[in-house]
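Novice:
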Amino acid sequence: MEQFGQDYARLCAAAGAAPQEAVLRRLREPDGAQGRLDLAAQSLSLQTCSALGRLLPGAAPFAALALGDCGLSEEGVRLLLRGLCSNTTVKSLDLKGNNLRTVGAEALGKLLRQNKSIRSLTLEWNSLGMWEEGFSFFCQGLRANNFLQHLDLRNNQINHQGAGELAMALTQNTSLQELDLRWNNIGLLGGRALLNCLHSNKTLKRLELAGNNVPGDILKAVEQALDHNQDRETILSEAQNQVNVLSKEIFSLKDEKNKQFMDFVNTVDIQKEERARSEKMSAARVSQLQEALDEQYSIMNSLKTKLQMTEAALALSEQKVNNLGELLNAMKQEQKSVAEFHFRELQQQKQESASREGRLLHDLSAASEKNLLLRNQVDELERKCKVQHDQLFQVKQDLTDTTAELKLRAVEAEERLEVERRRFKQSLEDVESLRVKEVDRMTQQMEASERSMHGRIQRLEAIRISLDEELSQVKAAALTERGRAEEELVKVRNQARLEEQQRLEHLEEKLRLMTESRDEAQNCCRKQKEMVAEAQAKAKQLSLYADGLRRRLDELQQDLDRKEEEKVTELNKVKVELQEQIGHLEAERTAQDGLREKIAALERQLKALSSNHREALLDKEGEISLLLEKLRMKEAEISRVREEEAQRASFLQNAIMAYVQGSPLGTHSSRK
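Counting from 1, position 666 in the sequence shown corresponds to residue 666 in the numbering used here; the numbering is continuous, with no gaps.
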C-alpha cells in the first residue's frame, strides 16, 4: 500500500497537481493492510480520479474500494471505472451517494462487461434510473456479466420501465444472488416483470422490493419464487456434493485398483524375467553338460579304439602262441598245469562274482530298507498335510460362522435402529448418525475379523504348500534313489554276466585249442619219434623263447587289465557326473514347477481382485443411478411446483385484471 501511495503522488506530480493529503493519509492507514481502501466522504478531484484510474489496472494492493459520498463528477467516475475494467484484485466496490447519471450508468455497464473480479457492487443513493438510455446500457452490462453476486440499487429512482430492463437482464444473468431494489418507484408492472423473470432465473436468492408500491400478492409470489430457487440450489448443491463424493470414491477405488494391478503386472514381469533368465542359465548349463558328455563320448570312443587295437594285438599274440603250441609236444605236463591253473582261476572268479553279487544284494536290501524309511516319511508328511487340511477347513468354517454372526448382529442392529426411528421421529438426525456409527463399527469389526482369518488362512496355506513341497521333494528323492539303485544293480548284473560269459568263452576256446594242439602233438610225436633228439635241442631253445613270449603275454595281459580298470573308472566317473547333472536338472525343473504354481496363484489372485473391483464398480454405479433417479424425481417435483406457481400467478394476474377492469378507473377508461 505504501508503494501505491508513492505511485499516486508521482502521477499527481507528473500531471502538475498536488496530491490530496486526505487520500495519502487513507493510503497510509493500517486498513490497507487488511485489503481495503476507504475513501468515503472524501471530495476527490479530477486529477486524483485520473491518477487512481491509471493505477487501478492489473493487480491492486487491496480487495475492497469504498468511494461513497465522494461527490464524484461524471468525468471522474468515467476515469475511475475505466481503470477498474482491467483490475483483477478488487472484489467489492462502493459508489453510493455520488449522484451517478447517464455517463456513470454507461461506465458501470462497460465495467460489468469487462471486469471479472468484482463480486459486490453498491450503488445506493444515485440517480441511475432517471435516464432510460443510461440505465439500459447498465442493464446490458449486467446481462453480459457472470461474476457479480451482490448488487445494491436502493434509492436510484428506477421506474417500471427500468425494472423491465433489469428483469430482461436477469433472465440471462447466471451469477447474481442478491439484488436490493428498495425505495424506488417500480410499481405493479415492474414487480410483475421481475416476477416473470424469476421463472427463468434460478440463481437469484434474495430480492428486496420494499418501498416500491408493489402489491403484496406479487411480493409473496416473488418470495415464493426465491424460496424455490433457494430450495433448488440447496438440492442441487447436495446432489452435486454427493455426486462429487461418489466420483472421488470411484476415482480413488480405480486408482487403487490400477495401482494394485500395475504392481501385480510388475511382479509378474519380474518373475517372467527371472524365469527367462533361469531358463537361459539352464539352457547354457545343459549345453555345457552336452559338450562335456560329447567329450566323454569321444574319450570312450578313443578308449574303444585302443581296446580294439589291444584285442587285435592279443589276437596276433594268441595266434603266435597257437602256432608255437604245435611245436611244443613235450610240454604236456606244463599244459596240464596251465589248464588246472586256469580252472582254479575260473573257480576263483566265480567265487568273486558270487561274493560281488551277494554284496549287491546286500546293497539292494539296504536300498529297499531306505526306500521303506522314505515311504514312512512320505506317509507321515501326508498325514501332517491331511491334518493341516483339516485345520484349514475348520478355520474356514469358523470364518463362515463369524461372518454369519456378524451379519445377524448387523440385522439386529438395523431392526433396533428401525424401532428407535419409529419411536423418536423428532430426533431423526441423531439416530441416523448413531446408526451410521454403529454400522461403521460393526463393519470395522467384521473387516478386522476377516483380515485376521484371512491372515491365518494364508499362514496355513503357506504351511501346507511348504509341506507339499517337502513331500514332493522326498518322493522325488526316493524315486530317483530307487531308480538309480535299480539301474546300478541291473548294470552290475549285466556286466558281471557279460564278463563271466566272455571269460568262459575265452577259457573254452583256449581249452579247445589246447586239446587240438595236444592231439596234433601226439600225432606228431608218434610220427616223429626218430626226431626226438633234435627236437629236444630245439625244444630247449624254443622253451627259452616260449618263456620270453609267456612273459610278454603276461605283460600284455597286465596292460589289458590296467586298461580295463581305467575304462571302468572312467565310466564310473562319467556315470557319477551324469547323475549329478541329472540331479541338478531335476532340481531346476522342480524350481520351475514351483514358479509356474506361483504364477498360477498370482493369476488367480488377479482374477479375484478384478472381479471384486468389478463388483465394487457395479455397486457404485447402482448408487449413482439411484441418486440420479432421486435427482430426476426432485426435478420433476420442482417443475410441478413451478407449473403450479405459474398457474397461481396466471390466476392472480387474471384476478387483478378483472379487478382493474371492474374498478371505477377501468370503467372510466372503457367509457373514454
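Glycine included, each C-beta is placed from N, C-alpha and C at the ideal position.
Quick one: Cα of Leu381 to Cα of Arg484, how far?
Specialist: The alpha-carbon atoms of Leu381 and Arg484 are separated by roughly 23 Å.
Novice: Does the beta-carbon of Lys96 have 16 or more other beta-carbons within 10 angstroms, so that it is buried, or is it exposed?
Specialist: Buried, by the Cβ-count rule.
Novice: Which value, in whole angstroms, describes the spacing of the CA atoms of Asp401 and Met446?
Specialist: So the alpha carbons of these two residues sit roughly 12 Å apart.
Novice: Compare the Cα-Cα distances from Leu108 to each of Lys91, Cys85 and Glu124 and report the closest residue.
Specialist: Of Lys91, Cys85 and Glu124, the residue nearest in Cα terms is Cys85.
Novice: Assuming the contact rule is C-beta atoms closer than 8 Å, Arg154 and Asp180 should be a hit. Round their C-beta distance to whole Å, please.
Specialist: Indeed, because the Cβ distance is near 5 Å, the residues count as touching under 8 Å.
Novice: Based on Cα-Cα distance, which residue from Ile270, Ser298 and Leu360 lies nearest to Leu489?
Specialist: For Leu489, the nearest C-alpha among the options comes from Leu360.
Novice: Under 6 Å Cβ to Cβ from Ala22, same chain only, skipping five residues before and after it: list those, please.
Specialist: Only Gln42 meet the Cβ criterion.
Novice: With distances taken between CB atoms, is the gap from Ser200 to Thr174 smaller than 8 Å?
Specialist: No, the pair does not count as a contact, with Cβ atoms beyond the cut-off.
Novice: Nearest by alpha-carbon distance to Glu74: which of Glu412, Leu52 and Asn99 is it?
Specialist: Among Glu412, Leu52 and Asn99, the Cα nearest to that of Glu74 is on Asn99.
Novice: Please check the pair Phe264 and Leu602, which I expect to be a contact at CB under 8 Å, by giving their CB distance rounded to whole angstroms.
Specialist: At roughly 7 Å, the Cβ-Cβ gap stays under 8 Å, so Phe264 and Leu602 are in contact.
Novice: If I follow the unbroken alpha helix (DSSP H) through Asp7, where does it start and stop?
Specialist: That run of the alpha helix (DSSP H) goes Glu2 to Ala14.
Novice: Taking only runs of the alpha helix (DSSP H) that begin and end inside the stretch 477-538, which ones reach a length of at least 4 residues, in chain order?
Specialist: Counting whole runs of 4 or more residues, the stretch 477-538 contains no alpha helix (DSSP H) stretch at all.
Novice: Would you call the CB atoms of Ile158 and Asn126 closer than 8 Å?
Specialist: Taking 8 Å as the Cβ cut-off, Ile158 and Asn126 do not qualify as a contacting pair.
Novice: List the DSSP bridge partners of His150.
Specialist: Per DSSP, Ser120 and Glu178.
Novice: In the structure shown, what three-state DSSP assignment does Gly211 receive?
Specialist: Here Gly211 sits in coil by DSSP.
Novice: Nearest to Leu165 by alpha carbon, out of Gly129, Glu178 and Leu176?
Specialist: With the sequence shown as reference, residue 165 is identified as Glu, and Leu is not the correct amino acid for it. The candidate whose alpha carbon is nearest that of Glu165 is Gly129.
Novice: Closer than 8 Å by C-beta to Pro215: which residues in its own chain qualify, once you throw out the five before and the five after it? Chain order, please.
Specialist: Within the same chain, Pro215 has close Cβ partners Leu188, Gly191 and Ile656.
Novice: Can you tell me which of the three DSSP states Asn87 falls into?
Specialist: In the structure shown, Asn87 sits in a strand (DSSP, three-state: E or B).
Novice: What would DSSP say about Ala63, mapped onto helix, strand or coil?
Specialist: Reduced to three states, the DSSP call for Ala63 is coil.
Novice: Going straight from the alpha carbon of Lys527 to that of Arg550, what length do you get?
Specialist: If I take the Cα positions, the gap works out to 28 Å.
Novice: Between which two residues does the beta strand (DSSP E) containing Leu72 stretch?
Specialist: Unbroken run through Leu72: none, as it is neither H nor E.
Novice: Assuming Ala40 and Leu652 form a contact by the criterion Cβ under 8 Å, report the distance between their Cβ atoms to the nearest whole angstrom.
Specialist: Ala40 to Leu652, Cβ: 43 Å. No contact.
Novice: Taking DSSP as the reference, what is the three-state secondary structure of Gly674?
Specialist: The question about residue 674 has no answer here: the residues shown for the chain are numbered 1 through 672.
Novice: Please identify the residue among Arg642, Glu357 and Leu324 whose C-alpha is closest to the C-alpha of Leu542.
Specialist: The option with the nearest alpha carbon to Leu542 is Leu324.
Novice: Using a threshold of 8 Å, state whether the C-beta atoms of Pro61 and Phe4 are closer than that.
Specialist: Yes, these two residues count as a Cβ contact at 8 Å.
Novice: My guess is that Leu204 and Leu195 are in contact by the Cβ rule of under 8 Å, so how many angstroms apart are they, rounded?
Specialist: At roughly 12 Å, the Cβ-Cβ gap does not stay under 8 Å, so Leu204 and Leu195 are not in contact.
Novice: Between Glu487 and Gln502, what straight-line distance do the alpha-carbon atoms span, to the nearest angstrom?
Specialist: One C-alpha to the other measures close to 22 Å.
Novice: Looking at C-beta atoms only, is the number of pairs between the stretch 46-53 and the stretch 4-17 that lie closer than 8 Å three or more?
Specialist: A contact exists between the stretch 46-53 and the stretch 4-17.
Novice: Buried or exposed for Gly662, going by 16 or more other Cβ atoms inside 10 Å?
Specialist: Classification of Gly662: exposed, given that the 10 Å Cβ count is below 16.
Novice: Is Gly129 helix, strand or coil by DSSP?
Specialist: Looking at Gly129 - three-state DSSP - the assignment turns out to be coil, as it is neither helix nor strand.
Novice: Going along the chain, which residues of its own chain have a beta-carbon closer than 6 Å to the beta-carbon of His150, five neighbours each way excluded?
Specialist: Excluding sequence neighbours, His150 sits near Ser120 and Glu178.
Novice: Can you list, in chain order, the residues of its chain with a C-beta nearer than 8 Å to that of Glu326? Leave out the 5 residues immediately preceding and following it.
Specialist: Cβ neighbours of Glu326 beyond the five flanking positions: Ser517, Glu520, Ala521 and Cys524.
Novice: Using CA atoms only, rank isn't needed, just tell me which of Leu44, Met168 and Leu399 is closest to Ala18.
Specialist: Ala18 has its Cα closest to that of Leu44, out of Leu44, Met168 and Leu399.
Novice: Check the DSSP bridge columns for Gly58 and list the partner residues they point to.
Specialist: In the DSSP output, where bridge partners are listed per residue, Gly58 has Asn87.
Novice: For the stretch 389-409 against the stretch 471-479, do three or more pairs of beta-carbon atoms, one drawn from each stretch, fall closer than 8 Å, so that the two count as touching?
Specialist: These segments do not touch.
Novice: Straight-line CA distance for Lys620 to Leu226?
Specialist: Approximately 35 Å, taken between the alpha carbons.
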